[in-house]
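One structure is given below, encoded as structure tokens.
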Amino acid sequence: AAQRAGRAGRTRAGRVIRLYPQEDLVRRAAHDTPEVLRRELSALCLELRAMGIGEPASLPWLDAPPEASLQAAGELLERIGAAGEDGAKMARLPLHPRLAALLVEAERRGAGEIACEAAALLSSGEYGREARGGVELLDALHGQPSFATRRIRDQIARIARPARGSRDEVGLLHAVLRGYPDRLRRMRDGKLAVALDIEERKDRAEPLLRLFARIEPEWLIDLFPERIEERDGVEWHRMGERVESVSALVYEGVVLEETRGRAVDPEQAAALLARKALETGLHRFVDHEDWAAYRLRRAFAAEACGVPALDDDEVLAALREMCLGLTSFTELAAACRDGALMAALDARLDAGARRRFDEMAPARLRLPSGRTAAVRYEVGKPPVVAARLQEFFGMKETPRIGGTTPLLIELLAPNMRPVQTTTDLKGFWERLYPQLRRELSRRYPKHSWPEDPVTAQPPARR
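Numbering (the numbering used here), first residue to last: 169 to 630.
And the structure:
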């Protein structure tokens, strides 16, 4: 740009008009990036192999190609079979190694002539009118080729010299797989295809498929048996909410064939069922209030006496134990009835931790009446026990769990509404009970309101 600007005033005064912003000129690199640093290198590596140079990195390059690019090129050549006699044939063809591999394989399968047309079509990129979802290769070949495509076809045919009339379309599709073994995908209709031309677009989240070739799963087994993987395991059936066994033949992450059944490995099924139950939410399997109370109780015990904290890993481990022999949410819900999950979590504590848990964070408190009341736990607050005031007759002091932690007592009227909360039961009997007795005895005359609640007997259990 600077040299051209100088020419404008060489013989007389002149003016330079730049058709780009000055900022664009300033930001431009001093030199273009060398081609060997930015291009795909499989064609170069194939040519070097034909010359007897198996290690391109050993050459004294002016600009050494990236190691990752050379490795990717070498891997592609191995994938398409560019070695030995086939590799020599590919190197003689003035085509990208993928197209050269396609032609060599097509020649073996009686599809040399139609393969020249396919290679020309892929080289020109002119597939006719594009359909939504891309154009199928055979449909494009059945159409009228453009002038540019015909010229390329004739040039390829002069060099490849295919047998006249070699137009086996199935053989061509086999050959396509040889040249594009890493482009397999499953189409929206569930069938397999090789993506021959994919265009990245900024306005689309997924690449645009322009040209593809349909193939059959057994062709992959024929061409690449070493890359077929057999997988046996379990999978989640979302609609049925159950675990199923799955046996599959897989090619590079694409499932070719799959068989499902109900007979599953117990350990694998238990692990998957437990994980799905935890992801879905335990409210499906346990009473929400009971589960919330248990978690708070465990949290209190962890802080008060060192009982192991209850985290998702511990819950998952207990669920796995419960899920052995089960395969569905329906079965798990039945197994979790009557506090079974909480019992399973308790069973995972060692003897010492279990003893401390029961002593320092009991689920219920026995009252003088012989009844038991639930103990409520909250983070950062003292545990609470609530019962009718008469249930505490005969209790002199505030009950303490583990002999140390006083309970917050909620004393309830006969209508089960709180009339007093206290952590000092003795002081309540002495100072507040007489006044409450006068008020409540008028409201609830049928209930017992003794003058001395400490020596009085609580109501008999019914």
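Even glycine gets a Cβ: it sits at the ideal position worked out from N, Cα and C. Since the structure is predicted, the reported quantities are computational estimates derived from the model, not experimental observations.
Spatial neighbours of residue i in its chain, beta-carbon cut-off 8 Å, leaving aside the 5 residues before and after
i: GLU215; result: ALA259
i: LEU517; result: VAL475, PRO476 and PHE525
i: ALA211; result: HIS264 and PRO265
i: CYS284; result: LEU271, ARG321, ILE324, ALA325, ALA328 and PRO330
i: ALA445; result: ARG452, PHE453, LEU487, CYS491, PHE497 and LEU500
7 Å CB neighbourhood of residue i in its chain, flanking five on each side removed
i: GLY401; result: VAL414 and GLN436
i: GLU489; result: ALA512
i: TYR348; result: ARG266, VAL362 and LEU364
i: GLU546; result: LEU464
Residues that DSSP places opposite residue i in a beta bridge
i: ILE282; result: Answer is none; ILE282 lacks a bridge partner.
i: LEU580; result: ARG556 and PRO586
i: VAL475; result: For VAL475, which the question treats as bridged, DSSP gives no partner whatsoever.
i: LEU377; result: ILE366
i: GLU304; result: PHE380
i: THR317; result: THR317 pairs with nothing; no bridge assigned.
i: ASP254; result: For ASP254, which the question treats as bridged, DSSP gives no partner whatsoever.
i: LEU360; result: ARG354
i: ASP400; result: SER415
i: GLU425; result: LEU417
i: ALA542; result: ARG532
i: ILE569; result: THR573
Residue j beta carbon less than 7 Å from that of residue i
i: GLU578; j: THR566; result: no
i: LEU345; j: TRP387; result: yes
i: CYS491; j: VAL454; result: no
i: ALA515; j: LEU484; result: no
i: LEU271; j: ALA325; result: no
i: LYS549; j: VAL622; result: no
i: HIS615; j: PRO574; result: no
i: ARG335; j: ILE282; result: yes
i: ALA274; j: ALA343; result: yes
Pick from the options that is closest to residue i, judged by C-alpha positions
i: GLY249; options: ARG217, SER291, GLN603 and PRO627; result: ARG217
i: LEU245; options: LEU209, ASP231 and ILE221; result: LEU209
i: LEU487; options: ALA470, ARG466, ASP479 and LEU509; result: LEU509
i: PRO618; options: TYR601, ALA240 and GLU243; result: TYR601
i: ARG206; options: PRO233, GLU546 and LEU533; result: PRO233
i: ALA555; options: GLY548, TYR545 and ARG539; result: ARG539
i: PHE468; options: PRO530, THR448, ALA519 and GLY507; result: PRO530
i: ASP458; options: ALA511, PHE560 and ASP481; result: ALA511
i: ARG465; options: ARG532, ARG399 and THR498; result: ARG532
i: PRO586; options: ALA274, GLY595 and LEU576; result: LEU576
i: GLU499; options: ALA470, ALA581, ALA363 and VAL411; result: VAL411
i: ASP322; options: ALA308, LEU289 and HIS456; result: LEU289
i: ARG382; options: GLY358, ALA470 and ARG399; result: GLY358
i: PRO202; options: VAL194, GLY493, LEU230 and GLY220; result: LEU230
i: HIS405; options: GLU243, ARG428 and ALA438; result: ARG428
i: PRO626; options: ARG610, GLU275 and PHE560; result: PHE560
i: LEU305; options: GLU447, PRO393 and LEU377; result: LEU377
i: ARG332; options: PRO393, ALA236, GLY278 and ALA502; result: GLY278
i: ARG399; options: VAL418, LEU391, LEU478 and LYS257; result: VAL418
i: ASP433; options: GLU426, THR495, GLU394 and PRO393; result: THR495
Buried versus exposed call for residue i [16 or more other C-beta atoms within 10 Å across all chains shown]
i: THR179; result: exposed
i: GLN558; result: buried
i: PHE315; result: exposed
i: ILE320; result: buried
i: HIS199; result: exposed
i: ARG534; result: exposed
i: GLY339; result: buried
i: ALA373; result: exposed
i: GLY280; result: buried
i: LEU440; result: buried
i: GLY302; result: buried
i: ILE375; result: Note on residue identity: the sequence assigns Pro, not Ile, to residue 375. It counts as exposed.
i: PRO613; result: exposed
i: TYR188; result: exposed
Own chain partners of residue i with C-beta closer than 6 Å, once the 5 adjacent residues on each side are dropped
i: ALA472; result: MET528
i: PHE497; result: GLU409
i: TYR462; result: MET510
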